[in-house]
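According to this note's numbering, the sequence shown is numbered sequentially starting from -19. Here a beta-carbon is modelled for each residue, glycine too, at the ideal position from N, C-alpha and C. Worksheet for the structure shown next.
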Amino acid sequence: MHAFNPLRGGAVALATCVLASLAVSAPEPGTPMPENPFYAESPLPFHYPQFDKIKDADYRPAFEKGMADQLKEIEAIASNPEKPTFENTIVALERSGQVLNRVSTVFFNLNGCNTDDEMQKIESEMAPRLSAQSDAIYLNAALFSRIKALYDTRATLGLDAESLRLLERYHRDFVRAGANLTEAEKTKVKALNAEIASLQTTFTQNVLKEKNADSVFVADRAQLAGLSDAEIESAAALAKADKQEGKYEIRLLNTTGQPPLKDLTDRALRQRLMEASQARGSHGGPYDNQAVVVRIAQARAELAAALGYTSFAAYRVEDQTAMNVANIDTLLAKLAPAADAKARREAADMQALVDQEKGGFKVASWDWAHYSEKVRKARYAFDESQLKPYFELNHVLEDGVFFAAHGLYGLTFKERHDLPVYQPDVRVFEVFDADGKHLAILIEDFYARPSKNGGAWMNEYVSQSSLLGYGPVVANHHNIPKPAAGEPTLLTFDEVTTLFHEFGHGLHGMFSKVHYPTFAGTSVPRDFVEYPSQVNEMWASWPEVVRNYAKHYKTGEPIPQALLDKMVATQKFNQGFATLEYLKATLIDLSWHEYAPGKVPTNVPAFEDQVFKKYGVGFAAVPPRYHSTYFSHSFSGGYAAGYYAYIWADVLVADSIEWFKTHGGLNRTSGDHFRATVLSNGGSVEAMTLFHEFTGSDPDVGPLIRKRGLDEGGN
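Set out below in structure tokens:
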């Protein structure tokens, strides 16, 4: 497990508090410590967390001890009378904060996937205090003096490449956090950081509570026409669990679009579901996030100005591969008009079908998923629901995701039933390298539940580091609706692709082979971290892989070739919509963070409409993937002014897919090359250098435009 290091979690360094709140207490030396699973390293393999021993009551004392211990360690480094050296300053920082890292890693990971009221209280209490801990490190003048002395003489220190990069990284991040500011300026930064920390916690908790509170209940089963019997039974079970027996509950996912919209034939219910989804956090009540969004954007603008930047976007993008906002705008300017035009052509095809059916209405956002599926059926004689019987979860995971990983990297997997889990549905796998040696532990958490944030993500419980002697424990989280008892878990192709995507992040963590914990695994720029995961998506539709996992859940028969061909033929279908809904969210995120202090808009819906008009993407039938008030990536998830990262990375991905195709596709030679040049290096090498080493070329937007079919007429 890496030491707690605020440099690793970009958002952490921007959400801190005044040092006065750092009043922490620790027992006197020699005082017996009560049993707490965070005080010592876990004795389980790979230091896997002792989930069966962790109680909510353990968190506060572990945070208290961890913060106190780390502050003592930092003070010892900063006040060391010896001349600063790389070992007694930088390496000492890398080793600091072990207890705090253990508790914060487990707490925040579990708070995202299995929270409860007590954990949310602890989060609210600890967020500003942990952020103050970050300020206590970043803004420690004596500590920075030692780092600067090493940085200024770095050419004479005889450091290896990774060590030199680590020193430069520390210096850069201390400066960006305000280490060169006056004491008065530092005080202002601390206050803003404290406010942002608390606001982000409020936003996160509001999103989760609003998602759970805004479920759509249906009294008449007939309104659910189009859903399968199993889906209806599951909806009845959810309603019963929420004390609404006799009704049916449709729970909301975090995105604007909701899966039942594709199948529901009742247009009024589709409208009700879409409107409930889009209204989250913006219709008053205790979980309304509009004022929270505005103040976060204002505070971030003030913070950026205090640090010497024109906007928060300029601050955040400076150390990304995009380097500046202008480069992002150039990419978006190439894609937005093409995506908007493509989406309008797609809508025209759907409108023709509505008119043919004498529907008497204009296609709206709640009609899109339903009628695009009808167009798909008509054009390709293909119904996406035909695929689900062939996409059973276990087959997809073991015969698809794991199969591709074996073909590319020689990995093998063994399920572990002896390691504790935090929730009964969670599964654990030990991962073995091609030489049979233990590589990592993989946690898979598949199902949606009220205690879990929306979306899908990967995180690490233990990060690889040869300095600390740690191997990786990584976790993939999904929000797949859990079927009724006894029913199989059948996936949509989007859910299949997400399994491959998150596993791509997992590979990035599992293959990490760095010395310093700061550089471990996915510790790369935000606009590069999605690159490996999106590359791994390609194997979801690779014919050799599909044939291996797409087996009928009842008969075991492989997917018919004709059906597979139709699936492949529709890969560019509806890409205008998919690209436009993403770009609209990207523009919302970027635009909120381009303002100077005092210029931030205060009317959230009006602001979004203005952004869409400015960029010529006002097509209302395609809503943004997230509206501001439930846009967790932007306002609590670390992607502030960084949601563009997915499309930025996809430019690299499209190039890389071409590389794999020209080098034989699924084979060890190609996989090992990708592993050696990209996946194993973490943040120890400049991100674009890794891309060049892998492909041997500069990125080009052309393959992305062709991949999404944005250069083609029609739908």
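* **Spatially closest choice to residue 632 from 525, 512 and 217, by CA coordinates** => 512
* Asked: Any idea which residues DSSP pairs residue 427 with across the strands?
  -> 460
* **Counted within 10 angstroms of its Cβ, other Cβ atoms place residue 708 as buried (16 or more) or exposed** => Because residue 708 is not part of the residues shown, which for the chain are -19 to 695, the question remains open.
* May I have the straight-line CA-CA distance separating residue 328 from residue 314, to the nearest angstrom? => 23 Å
* To do: Look at residue 66 and residue 42 and say whether their C-beta atoms are less than 8 Å apart.
  => no
* Rounded C-beta distance between residue 607 and residue 623? I'm assuming under 8 Å. -> With 8 Å as the limit, residue 607 and residue 623 do not qualify as a contact, their Cβ atoms being about 13 Å apart.
* Between residue 439 and residue 337, what straight-line distance do the alpha-carbon atoms span, to the nearest angstrom? -> 47 Å
* To do: Identify the continuous alpha helix (DSSP H) that holds residue 152 and give its terminal residues.
  => 141 to 157
* To do: Output the distance between the C-alpha atoms of residue 649 and residue 346, rounded to the nearest integer angstrom.
  => Answer to the nearest angstrom: the Cα atoms are 46 Å apart.
* What alpha helix (DSSP H) runs, 4 residues minimum, are completely inside the region 258 to 309? -> Taking 4 residues as the shortest admissible run, the region 258 to 309 contains the following complete alpha helix (DSSP H) segments, listed from N- to C-terminal end: 270 to 286 and 292 to 297.
* In whole angstroms, what separates the C-alpha of residue 95 from that of residue 24? -> 23 Å
* Would you kindly work out how many angstroms separate the C-alpha atoms of residue 388 and residue 656, rounded to a whole number? => 12 Å
* Would you call the CB atoms of residue 430 and residue 192 closer than 8 Å? -> The Cβ-Cβ distance between residue 430 and residue 192 falls below 8 Å.
* For residue 216, is the classification buried or exposed, using 16 other Cβ atoms within 10 angstroms of its Cβ as the cut-off for buried? -> buried
* Classify residue 425 as buried or exposed, calling it buried when 16 or more other Cβ atoms lie within 10 Å of its own Cβ. => buried
* Give a yes or no on whether the C-beta atoms belonging to residue 664 and residue 499 are separated by under 8 Å. => yes
* To which residues of the same chain is residue 103 closer than 6 Å at the C-beta, ignoring the five residues directly before and after it? -> So the qualifying residues of the chain are 91 and 181.
* **Contacting residues, own chain, Cβ-Cβ under 7 Å from residue 725 (five flanking each side not counted)** => Only positions -19 to 695 of the chain appear in this structure, which leaves residue 725 out of reach.
* **Beta-carbon contacts of residue 716 that lie in its chain and below 7 Å, excluding the five residues immediately before and after** => In the structure as shown, the chain starts at -19 and stops at 695, and residue 716 therefore has no counterpart that could be examined.
* Confirm the yes/no value for this check: CB of residue 47, any heavy atom of the ligand SAH, distance under 7 Å. => As for the ligand SAH, it is missing from this structure, which has no ligand bound.
* **Contact belief for residue 445 with residue 660 at Cβ below 8 Å, rounded distance in angstroms** => Actually they are not in contact, since the Cβ atoms of residue 445 and residue 660 sit about 13 Å apart, beyond 8 Å.
* Asked: For the alpha helix (DSSP H) that contains residue 409, what are its first and last residues?
  -> Run containing residue 409: none in the alpha helix (DSSP H); it sits in the beta strand (DSSP E), 407 to 412.
* Secondary structure of residue 542, DSSP reduced to three states -> helix
* Residues in its own chain within less than 8 Å of residue 8 by CB, not counting five upstream and five downstream? -> Annotation note: pLDDT 44 at residue 8 (below 50); position unreliable, coordinate value reported separately. Within the same chain, residue 8 has no close Cβ partners at all.
* So does the region 562 to 577 actually touch the region 290 to 298, counting three or more Cβ pairs closer than 8 Å? -> Enough Cβ pairs lie closer than 8 Å, so yes.
* Identify the continuous alpha helix (DSSP H) that holds residue 639 and give its terminal residues. => It spans 625 to 642 - the alpha helix (DSSP H) in which residue 639 sits, taken as one unbroken run.
* To do: Have a look at residue 302 and residue 33 and give me their C-alpha separation to the nearest angstrom.
  => Roughly 44 Å between the two C-alpha positions.
* Asked: Do three or more CB pairs link the region 367 to 385 to the region 475 to 494 at distances below 8 Å?
  -> yes
* For residue 508, write down the residues that DSSP places opposite it in a beta bridge. => Note: residue 508 sits in no beta bridge, so no partner.
* Asked: Per DSSP, what kind of secondary structure is residue 225 in: helix, strand or coil?
  -> coil
* Asked: The beta strand (DSSP E) with residue 438 in it runs from where to where?
  -> 437 to 442
* **Nearest-angstrom beta carbon gap, residue 675 and residue 636 [assumed within contact, 8 Å]** => 6 Å
* To do: Pick out whichever of 56, 365 and 242 has its Cα sitting closest to the Cα of residue 120.
  => 56
* Asked: Considering only the beta carbon of each residue, do residue 156 and residue 283 sit closer than 8 Å?
  -> no
* **Residue interval of the beta strand (DSSP E) (run including residue 394)** => 392 to 396
* To do: Could you spell out the range, first to last residue, of the beta strand (DSSP E) harbouring residue 197?
  => Segment 196 to 198, the beta strand (DSSP E) holding residue 197.
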